[in-house]
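The structure appears below as structure tokens.
Protein chains in written order, with my numbering: chain Z, 1 to 208; chain L, 1001 to 1280.
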């Protein structure tokens, strides 16, 4: 009789071992994850498979003092389109993977080093200010070309800029500085939700 | 008989418990600490996550390769300062020159820019070779000059090899050393070497070369200004020697003309540069 009991418990344990490992938290109904290759590196974006996960730590805060952490406008400058997570992922899969676009993390390095959106490049807003004597080098790296002392951006990269979230002005400052430097607003998009919204959906981050 | 009834009862109890508890309570109980960031961080420290674990509940993270050294995106220039280049050449020649006290010792913008350029280089793939290997180091400008000087080559020879290497993109050149024609101003580099070597030997500094061609003196009611019109073959370093007798002062001219100069190497023929009086 003991053996029957043991066998039944064994069956139960086997049942217990199988379930709930299939992905159930997709990005969209028909996209579980997004994989793309940039240069020699392959990135994958998916979501945490825990339906009970909540935001923790720094990104769980709702009421940072304003100033300095004030609610940012949806439209930072005329021509700069605000976008969401799916557009960011599509941008990575198409433009960044093809080398025609760069996802810019506008936060200062200490933030960036704690975790960033996969394939993002850290271009802190401070580096884009007119007070940076090496700003031209950065613009060149982004594809701007100097013709007779004038910067031209015809061959420059399309940019998506983000920061910590809608309460953070680092992306706003970066975009404003880029436009001041002559970067066409139509080539810049703003992921306004930033890392806070990205994490709110449990999307993958990387350590640079 | 009793035992089998008890056994069936226990089994039924366990089955009920299993059915009741199963939904919403996965075997690996997740706590608040399992937040995406926390796990993301742990994963990339540990390296690639095995597939089995990844399929459980972990956000898959591709670990980033180590940060490559700052790339030289511009064929001709990098952010190094003349003083560093000069000190390296002299050190390469075996001359022990005390490090110049640099008035701009900490240049956070330069460091910030270098890491930005490194990041962009990695993504655009211009600097990162396939397989994530670090790019082969460039032959340095310093090495070229040291070798040529040790061989006793002429200034013209050094000028030629440096410019050829710069155009081929195999060396990088410090700020302020590119002329309005886009060449490397080797004369200024050599001048800087002599200047530092003299200073190291306790000899007086060279006087400003002080040619007056292209110089205008303007004055209005409040101030007296010197303006210099950039000529063919001028570099910011050469202009600094002309007016101040030292390559190191090229930054003074650059800072005074930030409105027209996008970088110390972006000077153009015909540009009118303010030449400030040195304070003190």
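From the three backbone atoms N, C-alpha and C, an ideal C-beta is built for every residue, glycine too.
Query                                                                                                                                                                               : Result
Counting only C-beta atoms, is residue 1232/L closer than 8 Å to chain Z at any point?                                                                                              : no
CA-CA distance, residue 127/Z and residue 165/Z?                                                                                                                                    : 19 Å
Can you grab the Cα-Cα spacing for the pair residue 1191/L / residue 1248/L, in whole Å?                                                                                            : 11 Å
List the residues that DSSP assigns as beta-bridge partners of residue 189/Z.                                                                                                       : 81/Z, 160/Z
Under 7 Å Cβ to Cβ from residue 1261/L, same chain only, skipping five residues before and after it: list those, please.                                                            : 1254, 1267
When the distance is taken between beta carbons, is residue 103/Z closer than 8 Å to residue 119/Z?                                                                                 : yes
Buried or exposed for residue 107/Z, going by 16 or more other Cβ atoms inside 10 Å?                                                                                                : buried
Just list the beta strand (DSSP E) runs in the stretch 1192 to 1275 of chain L, keeping only unbroken ones of 3 residues or longer that don't cross its boundaries, in chain order. : 1215 to 1219, 1224 to 1229, 1272 to 1274
So which residues of chain L does residue 121/Z contact, with C-beta pairs closer than 8 Å?                                                                                         : 1116, 1119, 1120, 1122, 1123
Tell me the DSSP secondary structure of residue 74/Z in three-state form.                                                                                                           : coil
Residues of the stretch 28 to 53 of chain Z with a CB closer than 8 Å to any CB of chain L: list them in chain order, please.                                                       : 33, 38, 39, 40, 41, 42, 43, 44, 46, 47, 48, 49, 50, 51, 52, 53
In three-state DSSP terms, what is residue 1123/L?                                                                                                                                  : helix
Assign residue 175/Z to one of three DSSP states: helix, strand, or coil.                                                                                                           : helix
In this structure, what does DSSP give as the bridge partners for residue 1113/L?                                                                                                   : For residue 1113/L, which the question treats as bridged, DSSP gives no partner whatsoever.
Go through its chain and collect everything with a Cβ distance to residue 202/Z's Cβ below 8 Å, but skip five positions before and after it.                                        : 25, 47, 48, 50, 53
Counting contacts by CB-CB distance shorter than 8 Å, is residue 193/Z in contact with chain L?                                                                                     : no
Return the chain-ordered list of same chain residues with a C-beta closer than 7 Å to the C-beta of residue 157/Z, the five sequence neighbours on each side being excluded.        : 100, 101, 102, 142, 143
With DSSP as the reference, identify every bridge partner of residue 91/Z, one or two as the case may be.                                                                           : Answer by DSSP bridge pairing: none, since residue 91/Z is not bridged.
Which class does residue 155/Z belong to by DSSP, given the choice of helix, strand or coil?                                                                                        : coil
Helix, strand or coil for residue 148/Z? Go by DSSP, reduced to three states.                                                                                                       : coil
When you compare only the Cα positions, how much space is there between residue 211/Z and residue 198/Z?                                                                            : Because chain Z in this structure spans residues 1 to 208, residue 211/Z falls outside the shown range and cannot be described.
So residue 1230/L and residue 1189/L are supposed to be a Cβ contact under 8 Å. How far apart are they, rounded?                                                                    : Wrong, their Cβ atoms sit about 19 Å apart, outside the cutoff.
Residues of chain Z with CB under 7 Å from residue 1110/L, in chain order?                                                                                                          : 134
Ignore the nearest five residues each way along the sequence and tell me which others in residue 1264/L's own chain have a CB closer than 7 Å to its CB.                            : 1175, 1176, 1236, 1250, 1254
Taking the straight line between their C-alpha atoms, what separation do you get for residue 1224/L and residue 1155/L?                                                             : 38 Å
Closer than 9 Å, Cβ to any Cβ of chain Z: which residues of the stretch 1151 to 1163 of chain L, in chain order?                                                                    : none
Could you tell me whether any Cβ in chain L is nearer than 8 Å to the Cβ of residue 137/Z?                                                                                          : yes
For residue 1113/L, return the contacting residues in chain Z, with the cut-off set at a CB-CB distance below 9 Å.                                                                  : 127, 132, 133, 134, 135, 137, 138
With a threshold of 8 Å on Cβ separation, who are the neighbours of residue 132/Z within its own chain once the five nearest residues in sequence on each side are excluded?        : 126, 138
Going along chain L in order, which residues have a C-beta closer than 8 Å to the C-beta of residue 141/Z?                                                                          : 1073, 1116, 1117, 1120, 1121, 1124
Between which residues of its own chain and residue 1219/L is the CB-CB distance below 8 Å, once the five residues before and five after are set aside?                             : 1225
Using the C-alpha atoms, what's the distance from residue 1228/L back to residue 184/Z?                                                                                             : 34 Å
State the start and end residues of the unbroken beta strand (DSSP E) segment that holds residue 38/Z.                                                                              : 34 to 38
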